[in-house]
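A.B. asks:
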Amino acid sequence: MPYYVPSVPAAPRAAGPHRQDLQNRLDALAETHGVPGAQLVLTAGTGTVSLHTGIADAATGTPFTPDTAVALGSLTKPYTAALVLLLVDDGDLDLDEPVADHMPALRGLPEVTIRHLLSHTGGLPTGPDSDTAAATNGTRYLTSLCTSDQALFPPGTDFSYSNAGYVAAGLLVEEITGMPWHEAVRALLLEPLGTSAAFIGDSTVSRPWAAGHALNTATGRVRPVQQNLASLEAPAGALMASAADLAAFGSALIGRSHVLPPAVAKGMLRAEHGARPGALADGWGLGVAQYRQGDDLWCGHDGNAQGTSCHLRVDPASGVVVAFTGNAGGATALWRELAAELRDLADVYVPAGPAPAGDRGRPVLLPECWGAYRNGGADYRVSAGPDGSPVLSIDGDLSLPLVCYADLSYDLVDPATGRREPGGRFHRDPATGRIDRVQVSGRTARRTADG
């Protein structure tokens, strides 16, 4: 993919919207989607619009402020990727050397490189839930997952979003720097960016922070929820930050800060071969997703913790940065609606997700996809529903109807509304032609049984 960082910041398309119109829509959408509080920052280098609305905690009524930190969830991963790439830029690591050269816990997968970890192309399972992870340490966690019998595909040949890969990346940072991941990200990234460090589970946080919230659909009320993240998972999801903090990181990604050298920023934004993220994005770099919007190529990442939803988008060609945080699960829907409206409100054509699928033809039944699939400890089953059409269940939960297409992609159908959403795709073994894997929302599972 071509990569371009303007030597002079582009005209600030996002700097001159009708500020009050934006504020009114943010207020209204937060109420519509049951989101207690949210932040939005748009910047183009020569101008910034910063907005916030609502409260940080429904139990206390604490106001949301521009400095309120929100649990970023997986939006932590680009920061961890940047840490690793800073070490590569310093000559301490080589992107294409095996991770096992530094971490014996990955000796079961000797072909997995540092590049594979950061681009989710190593074939690693996603990792167990946080309760299970809390009962072990990093070495045992990785040793149990990074084995040849659990590998999802040969390294570098496909994509499967993996928290385990970023646990390994964080431990690699600790091995090379001699600092705990929290200290390394604070010293090498957060403080240079002007961000006050805040982490899930850190009782010493000195800045205001927002609780996550869940919506009670019966009463229409929201309630605070507890964050649940094992300490060893911190490099994959422990950061808390404001939209302004995210915008500062996004600006560094497109060359507006000395914090990320050009080689680091370019490496993060450049598409990696073999990284086909399906329903997550249109491509993937080193820690950063790619999203197509017409002729424009945006980059960024999404993140969800317990009851939060956070999003970052940057357009390297125009210099526009958009950052959003919200402290409820409904903030994901808020973000999608707001992103679509930014075209009219701020002349910003920002993609909330991957480009819509092209014409895939008429749906097909595809009974050869029926069977059991597995990714680490997660079990997926595709079977015939009551009407004979395929359904998908994960770990035995409620089955969701699938609409399959001849190109092996599929949509998931909301049983309540009938709305279709891109779900992923099936894969054929190139040697046998048999369907041997399924990708579900970016995570790949390997077939374990037919029927």
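Under the numbering used here, the first residue of the sequence shown carries the number 6, and numbering increases by one thereafter. We put the beta carbon where it would ideally sit given N, CA and C, even for glycine.
(1) Please tell me whether Gly288 and Ala280 are closer than 8 angstroms, where the distance is taken between their beta carbons.
(2) Rounding to the nearest angstrom, what Cα-Cα distance links Gly361 and Gly183 in this structure?
(3) What number of angstroms, rounded off, separates the C-alpha of Ala63 from the C-alpha of Leu114?
(4) For Leu458 and Glu342, what's the separation of their Cα atoms in angstroms?
(5) Tell me the residue span of the beta strand (DSSP E) that contains Ile440.
(6) Compute the distance between the beta-carbons of Gly312 and His432, then report whether it is under 8 angstroms.
(7) Have a look at Ala61, Thr37, Leu34 and flag the residue whose alpha-carbon is nearest the alpha-carbon of Tyr230.
(8) Between the alpha carbons of Ala248 and Tyr84, how many angstroms are there, rounded?
(9) Tell me the DSSP secondary structure of Trp289 in three-state form.
(10) CB Thr118 to CB Asp136, shorter than 8 angstroms?
(11) Counting pairs of Cβ atoms below 8 angstroms between the stretch 43–56 and the stretch 146–158, do you hit three or more?
(12) Can you tell me whether Asp307 is buried or exposed? The criterion is at least 16 other CB atoms within 10 Å of its CB, across all chains shown.
(13) Tell me, please, whether the stretch 205–220 touches the stretch 165–172 by the rule of three or more beta-carbon pairs shorter than 8 angstroms.
(14) Check this for me: beta carbons of Thr73 and Ser256, under 8 angstroms apart or not?
(15) In this structure, does DSSP put Ala203 in helix, strand or coil?
(16) Based on the DSSP secondary-structure assignment, which residues constitute the bridge partners of Tyr410?
(17) Starting from Gln25, trace the alpha helix (DSSP H) both ways and give me its first and last residue.
(18) Can you tell me which residues form a DSSP beta bridge with Gly128?
(19) Does His187 come out as helix, strand or coil in the three-state DSSP assignment?
C.D. replies: Walking through what the data contain:
(1) Indexing the sequence shown from 1 puts residue 288 at position 283. Indexing the sequence shown from 1 puts residue 280 at position 275. Yes.
(2) Walking along the sequence shown from the start, residue 361 turns up at place 356. Walking along the sequence shown from the start, residue 183 turns up at place 178. A small correction: the amino acid at residue 361 is Pro; Gly does not occupy that position in the sequence shown. Going from the Cα of Pro361 to the Cα of Gly183 covers about 44 angstroms.
(3) On the sequence shown, residue 63 is found 58 positions in, with the first residue counted as 1. On the sequence shown, residue 114 is found 109 positions in, with the first residue counted as 1. For Ala63 and Leu114, the distance between alpha carbons rounds to 46 angstroms.
(4) This structure cannot speak to residue 458, because the chain is shown only from 6 to 456.
(5) Here residue 440 is taken as the residue at index 435 of the sequence shown, counted from 1. Residues 440–445.
(6) Numbered from 1 along the sequence shown, position 307 holds the residue referred to as residue 312. Numbered from 1 along the sequence shown, position 427 holds the residue referred to as residue 432. With respect to His432, Gly312 sits apart: the two C-beta atoms are not nearer than 8 angstroms.
(7) Taking the sequence shown and counting its residues from 1, the one referred to as residue 230 is at position 225. Before going further, note that residue 230 is Val rather than Tyr in the sequence given. Looking at the Cα atoms, Ala61 is the closest of the given residues.
(8) For the purposes of this step, residue 248 is taken as the residue at position 243 of the sequence shown. For the purposes of this step, residue 84 is taken as the residue at position 79 of the sequence shown. A straight line joining the alpha-carbon of Ala248 with that of Tyr84 spans about 15 angstroms.
(9) By 1-based counting over the sequence shown, the position of residue 289 is 284. DSSP places Trp289 in strand when its eight states are reduced to three.
(10) Reading the sequence shown from its first residue, position 113 is the one you call residue 118. Reading the sequence shown from its first residue, position 131 is the one you call residue 136. No, Cβ-Cβ distance for Thr118 and Asp136 is not below 8 angstroms.
(11) The stretch 43–56 makes no contact with the stretch 146–158; the number of CB pairs closer than 8 angstroms stays below 3.
(12) Locating residue 307 in the sequence shown gives position 302, where the first residue counts as 1. Asp307 is buried by the Cβ-count criterion.
(13) Contact fails: fewer than three Cβ-Cβ distances are below 8 angstroms.
(14) Position 68 of the sequence shown, counted from the start, is the residue given in the question as residue 73. Position 251 of the sequence shown, counted from the start, is the residue given in the question as residue 256. For Thr73 and Ser256, no; Cβs fall outside 8 angstroms.
(15) The residue labelled residue 203 in the question sits at position 198 within the sequence shown. Taken through DSSP and simplified to helix, strand or coil, Ala203 comes out as coil.
(16) To locate residue 410, count along the sequence shown from 1; it is residue 405. DSSP, once it has assigned bridges, lists Pro368 as partnering Tyr410.
(17) By 1-based counting over the sequence shown, the position of residue 25 is 20. Run containing Gln25: 24–37, per the alpha helix (DSSP H) assignment.
(18) As a first step, residue 128 is located in the sequence shown; it is residue number 123 there, counting from the start. Answer is none; Gly128 lacks a bridge partner.
(19) Indexing the sequence shown from 1 puts residue 187 at position 182. Here His187 sits in helix by DSSP.
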